[in-house]
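Residue numbers (our numbering): 92 to 661.
Heads up, the beta-carbon is just placed ideally off N, CA and C, and yes, glycines get one too.
Step one of this worksheet: look at the structure below.
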Ligand SMILES: Cc1ncc(C[n+]2csc(CCOP(=O)(O)OP(=O)(O)O)c2C)c(N)n1
Ligand SMILES: [Mg+2]
């Protein structure tokens with residue numbers, strides 16, 4: 092083949108993205124040679140307004156679809172905003188591929204326009220970074236990038252491509268086999284001996300509980316977990332990220348546990364049950380501060396088992412028997428080992444009645460206080476009441492996406508997951524405000540026929556108002572609920588409770604979000620009173636396309652964070 096008949100590196104990359112099954116690239120044009128080639132190849136480019144939000148869209152798309160998120164970006168300033176977005180993806184183990192333009196090879200280290208040290212920039216928020224200096228290795232590098240992002244512990248990867256390399260026409264050197272841009276790739280399984288030991292521990296346990304984290308969703312292990320729960324009578328709790336790993340209404344489900352088990356929490360009375368567990372098994376769980384109530388929730392006397400694809404997580408905070416592998420594969424193997432165990436099912440038959448009774452009792456103990464906040468119908472509106480009515484009005488297949496701050500807690504505490512599956516998305520990798528709305532846009536692009544509701548605070552939403560324009564232009568039908576309390580609530584309450592005063596900046600303007608929506612042609616409504624709520628929600632669900640519902644809520648309301656209750660009492 093003569094050289095000018097060869098495809099350019101941009102065309103090689105575009106063709107391989109398509110072959111791997113990538114259908115969407117979040118971008119703003121750059122690197123133009125690449126995005127022109129991907130558009131020619133039929134890939135859709137979703138034009139975000141800011142790169143940090145665009146990265147969160149790619150992240151949300153990956154979480155909801157089980158496929159690689161992909162973002163293209165200009166070098167320097169734009170790349171720095173992508174890095175901010177990737178910080179969440181990195182901590183939440185979400186595979187996002189960044190294709191970042193770099194300065195021409197002959198311009199390196201000459202203060203070329205927007206030249207920046209991308210290797211250092213991306214070092215803290217990717218599991219892999221390479222600069223493609225040899226165009227003949229484009230295919231090799233892209234395939235390695237995709238496989239690295241999607242296998243093992245999934246996570247972000249970045250490939251920097253000098254502008255001149257994109258235009259090169261070079262034969263491609265030997266490359267790894269093409270892999271679909273989906274995760275988890277190459278599922279791994281622990282040693283049979285470790286599985287057998289875990290099966291023995293669980294089968295002989297009197298009061299075993301499982302604590303499922305977001306890894307259950309990444310692995311697509313919800314059905315396996317629910318099967319194990321049912322067959323072997325295991326109590327299952329989740330973290331916020333793991334919410335929906337099992338049906339929360341199941342008689343053996345404890346709900347979301349961690350630092351939000353204070354007064355008013357549906358899982359408040361589960362604490363004593365958890366404290367009496369003799370075996371605790373974490374699955375895809377980082378055992379972080381929030382998910383363990385600052386490492387106070389689980390009893391030292393318990394035997395610990397930890398299923399995780401990442402060794403560092405499996406040994407991080409508890410003296411666990413590590414089962415290093417993919418959650419779905421490992422739970423399946425564990426089920427087989429437990430069934431083969433002579434006492435597995437008979438022990439389960441003994442365990443089930445007292446466990447179900449204890450869980451029912453713990454639910455009943457707080458039913459009154461939970462109902463009091465959910466059924467609080469006077470104004471100013473309680474967010475718990477909003478969640479209560481939202482659960483009633485939302486179609487059963489709705490996917491809920493929260494922002495950080497209180498919205499994560501209102502959603503995780505007061506909406507119930509009624510079947511196993513990924514119906515909840517939270518930016519709890521780093522809990523940054525401003526992620527919720529763009530995560531929801533990515534979620535909806537992944538699930539175009541599911542209703543997607545975003546619930547965000549007014550402070551968090553002000554990080555990304557501009558993306559309403561993206562939603563309208565691309566007709567991304569996210570239903571956005573803004574919790575308008577005219578305050579940085581969590582920040583203010585934390586300051587008040589710890590210091591007895593709050594900094595002035597916590598009070599923010601009462602924003603007319605409907606007016607912002609109107610500015611970009613987004614359908615909208617405003618709800619200022621609990622009496623208007625049902626009509627507002629119904630209008631939102633009935634609307635075609637993107638919708639913003641601005642809901643005025645009580646600025647004094649705060650969720651059942653146990654630390655808040657302790658501080659208040661002292
Ligand atoms: C990117 C980022 N900046 C700052 C914070 C610290 N922070 C946590 S909660 C919060 C207030 C959020 O206010 P709002 O979005 O209005 O939610 P509310 O608590 O009022 O419901 C802030 C500033 C953060 N988590 N993330
Ligand atoms: Mg607020």
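Compare the Cα-Cα distances from residue i to each of the options and report the closest residue.
i	options	result
residue 107	270, 242, 163, 502	270
residue 568	576, 575, 602, 559	559
residue 451	509, 346, 524	346
residue 121	520, 180, 257	257
residue 655	350, 180, 143	350
residue 153	141, 166, 133, 116	116
residue 529	548, 145, 123	145
residue 339	580, 130, 514, 275	514
residue 105	132, 185, 503	132
residue 243	400, 577, 446	400
Using the Cα positions of residue i and residue j, report the straight-line distance between them to the nearest angstrom.
i	j	result
residue 561	residue 139	6 Å
residue 232	residue 571	39 Å
residue 487	residue 479	14 Å
residue 291	residue 443	18 Å
residue 169	residue 472	40 Å
residue 566	residue 324	45 Å
residue 590	residue 582	12 Å
residue 180	residue 494	14 Å
residue 603	residue 626	19 Å
residue 334	residue 596	33 Å
residue 387	residue 381	10 Å
residue 448	residue 633	41 Å
residue 261	residue 101	11 Å
residue 126	residue 527	26 Å
residue 481	residue 546	11 Å
residue 646	residue 551	15 Å
residue 198	residue 563	39 Å
residue 157	residue 225	31 Å
CB of residue i to nearest heavy atom of ligand 1: below 7 Å?
i	result
residue 224	no
residue 549	yes
residue 654	no
residue 499	no
residue 171	no
residue 163	no
residue 494	yes
residue 592	no
residue 524	yes
residue 504	no
residue 692	Only positions 92 to 661 of the chain appear in this structure, which leaves residue 692 out of reach.
residue 582	yes
Return yes when the C-beta of residue i is under 7 Å from any heavy atom of ligand 2, and no when it is not.
i	result
residue 579	yes
residue 603	no
residue 574	yes
To which residues does DSSP link residue i through a beta bridge?
i	result
residue 491	515, 544
residue 570	544, 638
residue 386	According to DSSP, residue 386 bridges with nothing at all.
residue 412	396
residue 351	Beta-bridge pairing links residue 351 to no other residue.
residue 501	Note: residue 501 sits in no beta bridge, so no partner.
residue 136	116
residue 615	639
Which whole-angstrom value is the C-beta distance of residue i and residue j, which I expect to be below 8 Å?
i	j	result
residue 416	residue 396	Actually they do not touch by this definition, with Cβ atoms about 12 Å apart.
residue 348	residue 230	Contact flag wrong, Cβ pair sits at about 46 Å.
residue 241	residue 274	4 Å
residue 328	residue 361	7 Å
residue 474	residue 648	6 Å
residue 516	residue 151	6 Å
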